[in-house]
Amino acid sequence: DVFSYLSAETQVVIISAITERETRLIVEELYFDDMIDMLEEMPAHLVKKILKDTKEDERRLINQFLSYPEFSAGSLMTIEYVDLRKNMTVKAAMEHIKQVNIDTETIYTCYVIDDNRKLLGLVSLRKIVTSPDDVLIDDIMNTNIIVANTLDDQEYVASLFKKYDLNILPVTDKESRLTGIITIDDIIDVIDQENTEDFQKMAGLTPSDLGYFETPFMKMAKNRILWLMVLMVSATFTGRIIQRYEEVLQSVVILAAFIPMLMDTGGNAGAQSSTLVIRGLALGDIKPNEVKRVLFKELTVSTVVAIGLTTINFIRIYFLEKVEIRIALTVTITLFVTIILAKLVGGLLPLIANKLKLDPAIMASPLITTVVDAFALVIYFTVAVWLLGI
122 DVFSYLSAET QVVIISAITE RETRLIVEEL YFDDMIDMLE EMPAHLVKKI
172 LKDTKEDERR LINQFLSYPE FSAGSLMTIE YVDLRKNMTV KAAMEHIKQV
222 NIDTETIYTC YVIDDNRKLL GLVSLRKIVT SPDDVLIDDI MNTNIIVANT
272 LDDQEYVASL FKKYDLNILP VTDKESRLTG IITIDDIIDV IDQENTEDFQ
322 KMAGLTPSDL GYFETPFMKM AKNRILWLMV LMVSATFTGR IIQRYEEVLQ
372 SVVILAAFIP MLMDTGGNAG AQSSTLVIRG LALGDIKPNE VKRVLFKELT
422 VSTVVAIGLT TINFIRIYFL EKVEIRIALT VTITLFVTII LAKLVGGLLP
472 LIANKLKLDP AIMASPLITT VVDAFALVIY FTVAVWLLGI
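For the sequence shown, this note's numbering assigns the number 511 to the last residue and increments by one with no breaks.
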């Protein structure tokens, strides 16, 4: 058990240093899914060393599991489960469970299959233990089963666990044959991976499976530079807008002092909305076709937020800093419109990305901030020209 919790790098070092006999002893003690995870991270020469003394049937099964796409249900599942037949009695089922218990990852849920391994139902160990010996499994099994397909994405599998409060999930192929099960301990790892990936994307980073100190500095730089380059180029549009209204700034220099506040507030407002919508999409709380509901919600919330912030800001600028009334109104109106627009954009862009089959996380804070900054400046200078008569 301890070996499966070691990092992939440590496992490689250990397997490289020990004999084939010692390797075989370690592999024999691993659960099947942990062994598959280990083999996926091993160099080819070590995989050959591990599989050298493996039986032909087991080697064929291992190769089948290794062929499943990465991050699919098939790559997560294990074959170590208890299967029963519907014509078994409770007594016969108990005897079968006792025989296979040592080789299975869990016995709390047993799966009922036919001669072609088609999944018919499931029955809990509690149900078996509390039923009379002569009762048939067919009479006590539950046929209302939540299943995953071997090719389902791991994020979808994780959503099934959360939605139906599962501890274990059967996995079937396209012909409804039981091929394995996924347990909650593996899904917790998936949830951690997906959350980390989402946070990295929302921060404008290329996702990486490696830890902070495990990532080579060149790879870390490569992961960061792409989005920074995109944002740097897109920020030139903001500079162009300021250049276009250079005469306005020269006429009323104090307008420049409020640009950082307007841009930062707009960017933060948009980031708040996008974060909530992205999370809502991931959890299934928000459906991709609920655009109108999301926009109405964001419009309502942004109006309340805008009223509060602009009121405080006007009091600060006009009464405390003694700024001329028209400039105070220019900043206040711009802030009000920017907050509403930013929250609408922040709520809408993830939905558009989802509709286009893109990852909504890529539309998070970095891109939204750039878009909102450009809109904020255009609004600001347009209002300034109108109110100040420049």
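Backbone N, C-alpha and C fix where the C-beta goes; we use that ideal spot for every residue, glycine too.
Nearest in C-alpha terms to L462, of all of N389, F435, L441, E411, is N389. Under the Cβ criterion (8 Å, minimum of three pairs), the region 486 to 499 does not count as touching the region 415 to 424. In the three-state reduction of the DSSP assignment, S297 falls in the coil class.
Pairing D154 with L205 gives a Cβ-Cβ distance that is not under 8 Å. Taking the Cα positions, A505 is about 9 Å away from T455. Proximity to M262 across L246, L430, Q185, A269 peaks at L246, based on C-alpha coordinates. Per DSSP, reduced to three states, the secondary structure at G405 is coil, with no helix or strand assignment. For I266, there is no enclosing beta strand (DSSP E), as DSSP marks it with neither H nor E.
Residue environment: S193 is assigned as buried (16 or more neighbouring CB atoms within 10 Å of its CB, all protein chains considered). Note that the C-beta distance between I302 and Y202 is below 8 Å.
Checking the DSSP bridge columns, you'll see K239 partnered with R298. With fewer than three CB-CB distances shorter than 8 Å, the region 469 to 477 does not count as touching the region 428 to 440. Looking only at G391, Q185, Y333, the smallest Cα-Cα distance to L465 is reached by G391. L240 and I249 do not touch by the CB rule: their CB atoms are close to 18 Å apart, not below 8 Å.
Collapsing the DSSP output to three states places D154 in a helix. By alpha-carbon distance to F282, the top candidate from L272, T304, P409, F320 is T304. Between I266 and P291 the beta-carbon gap is near 7 Å, inside 8 Å, which marks them as a contact. With contacts defined by Cβ atoms closer than 8 Å, I183 and T144 do not form a contacting pair. If you ignore the 5 residues before and after C231, its C-beta comes within less than 6 Å of the C-beta of V203, L205, V244, all in its own chain and listed in chain order.
In the same chain as L508, and ignoring 5 residues on each side of it, the C-beta atoms closer than 7 Å to its own belong to R447, L450, T451, in chain order.
DSSP, read as helix, strand or coil, puts S245 in strand. Ranked by Cα distance from T453, the first of I380, M339, V134, F124 is I380. Going by DSSP, V256 is part of no alpha helix (DSSP H) at all; its letter is neither H nor E.
Judged by DSSP secondary structure, T230 falls within the beta strand (DSSP E) whose first and last residues are 230 to 234. Per the coordinates, the alpha-carbon of Y126 lies some 38 Å from the alpha-carbon of P409. The three-state secondary structure of V369, taken from DSSP, is helix. Per DSSP, V203 is one residue of the beta strand (DSSP E) stretching across 203 to 205. Scanning the region 439 to 478 for uninterrupted alpha helix (DSSP H) segments of 4 residues or longer gives 446 to 476, listed from N- to C-terminal end. Collapsing the DSSP output to three states places L287 in coil. For V123, there is no enclosing alpha helix (DSSP H), as DSSP gives it neither H nor E. Within the same chain, M156, I171 come within 7 Å of V148 by CB-CB distance, once the 5 residues on both sides are set aside.
In this structure S395 is buried. Its beta-carbon is surrounded by 16 or more other beta-carbon atoms within 10 angstroms. With 16 or more other CB atoms across the displayed protein chains lying within 10 angstroms of its CB, L376 is buried.
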